[in-house]
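Enquirer:
In this note's numbering, the protein residues as written are 37 to 308.
1. Count the C-beta pairs between the region 105-116 and the region 207-227 that are closer than 8 Å, then say yes if the count reaches three, no if not.
2. Along the chain, where does the alpha helix (DSSP H) containing residue 38 start, and where does it finish?
3. Short of 6 Å in beta carbon distance, which residues of its chain neighbour residue 163, apart from the five on each side in sequence? Order them along the chain.
4. Output needed for residue 133: all residues of its chain with C-beta closer than 6 Å, excluding positions within five of it in sequence on either side, in chain order.
5. By how many angstroms is the C-alpha of residue 77 removed from the C-alpha of residue 303?
6. Taking the alpha carbon of residue 53 as the reference point, which residue from 171, 103, 39 and 89 has its own alpha carbon closest?
7. Could you compute how far the alpha carbon of residue 127 sits from the alpha carbon of residue 211?
8. What would DSSP say about residue 102, mapped onto helix, strand or coil?
9. Under 8 Å by Cβ, that's how I've got residue 214 and residue 161 pegged, so tell me the actual separation to the nearest angstrom.
10. Would you grab the beta carbon distance between residue 293 and residue 266 for me? Rounded to a whole angstrom, and I think it's under 8 Å.
11. Considering Cα atoms alone, identify which of 288, 103 and 257 is closest to residue 216.
12. Tell me which same chain residues have a C-beta within less than 6 Å of the C-beta of residue 105, skipping the five on either side of it?
13. If residue 264 and residue 247 are in contact, beta carbons under 8 Å, what's the gap, nearest whole angstrom?
14. Enumerate, from N- to C-terminal direction, the unbroken beta strand (DSSP E) stretches of 3 or more residues contained entirely within the region 239-274.
15. Starting from the Cα of residue 61, find the closest Cα among 91, 250, 38 and 42 and give me that residue.
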């Protein structure tokens, strides 16, 4: 009921709920309607999104005559399935190098990728889209040095990632927890590289070493198929991946739903 009605006594209230398919909702394993009219839905699926209509019927009774009148009020609710976005992390680091020419740069890049992959393999995470470029950098001390600008993405969907959540309907809690641990391990690894440099300052630095404070970490969100972000439509949950509405679809891990006039369902993954 609305706030004004809730602040008053309601005599002989009854409630009926109509689902998005315009059929009367009745008790089932998924649907429960309490005595006070509250609709409780369990195991909500994207296909169950849409307009839910509640009709409240109640009586007004004149005390002096006991005359009764039946009143009905209808309330519409838009309900959308949503899920947390899947996290991944885009990272960038820099290493000094003796020269931009030679095979040692490729060797460092290959070894670093293997180290990071091994560091997070037990979390079902892996390194994807690794790349590097070599640049000449003039320092504030007017020294010209060569540096490798290395970029990579930490992804939570390594081979066998579904095994970690085989008993769970939704895996985002598990995959997001794993990717956070992977991020922390990689950050700690590079912090240790900086620590080694600080505590070996009396020794000759190797030509190729981590550049302190060069690590950059940016979280990248993605949505599962059939879901996308829409701040304009769902401003109260701007970070959520909300089910694509009729007229839209999302085929992959994009964060937006694309237009498709031939789609008439919620959670469409393709445009027929």
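Yeah, the Cβ is synthetic: ideal placement off N, Cα and C, and Gly gets one too.
Expert: Checking against the coordinates, here is how it stands:
1. Between the region 105-116 and the region 207-227, the count of C-beta pairs closer than 8 Å stays below three; the two stretches do not touch.
2. Numbered from its first residue, the chain shown carries residue 38 at position 2. It is not in any alpha helix (DSSP H) - residue 38 carries neither H nor E in the DSSP assignment.
3. As a working mapping, residue 163 is identified with position 127 in the chain shown. Scanning its chain for C-beta atoms nearer than 6 Å, with the 5 sequence neighbours on each side dropped, one finds around residue 163 the residues 149, 152, 153 and 188, in chain order.
4. To locate residue 133, count along the chain shown from 1; it is residue 97. Shown here for residue 133: same chain residues with a beta carbon closer than 6 Å to its own, the five before and five after excluded, namely 141, 182, 184 and 244 in chain order.
5. Residue 303 sits at position 267 when you count from the first residue of the chain shown. Residue 77 sits at position 41 when you count from the first residue of the chain shown. In a straight line, the C-alpha of residue 303 is about 18 Å away from that of residue 77.
6. Here the question's residue 53 lines up with position 17 in the chain shown. Looking only at 171, 103, 39 and 89, the smallest Cα-Cα distance to residue 53 is reached by 89.
7. Walking along the chain shown from the start, residue 127 turns up at place 91. Walking along the chain shown from the start, residue 211 turns up at place 175. In this structure, the CA atom of residue 127 is about 18 Å from the CA atom of residue 211.
8. As a working note, residue 102 is residue 66 in the chain shown. For residue 102, the three-state secondary structure derived from DSSP is coil.
9. On the chain shown, position 178 is the one that residue 214 refers to. On the chain shown, position 125 is the one that residue 161 refers to. 6 Å between Cβ atoms; contact.
10. Here residue 293 refers to the residue found at position 257 of the chain shown. Here residue 266 refers to the residue found at position 230 of the chain shown. Yes, they are in contact, since the Cβ atoms of residue 293 and residue 266 sit about 7 Å apart, within 8 Å.
11. For this step, residue 216 is matched to residue 180 along the chain shown. Nearest option by C-alpha distance: 257.
12. What you label residue 105 is simply residue 69 of the chain shown in a count that begins at 1. 96.
13. The sequence position of residue 264 within the chain shown is 228, counting from 1. The sequence position of residue 247 within the chain shown is 211, counting from 1. Beta-carbon to beta-carbon, residue 264 and residue 247 are separated by about 38 Å, too far to satisfy the 8 Å threshold.
14. Taking only runs of at least 3 residues, the beta strand (DSSP E) segments lying wholly in the region 239-274 are 252-258.
15. One-based indexing of the chain shown puts residue 61 at position 25. Looking at the Cα atoms, 91 is the closest of the given residues.
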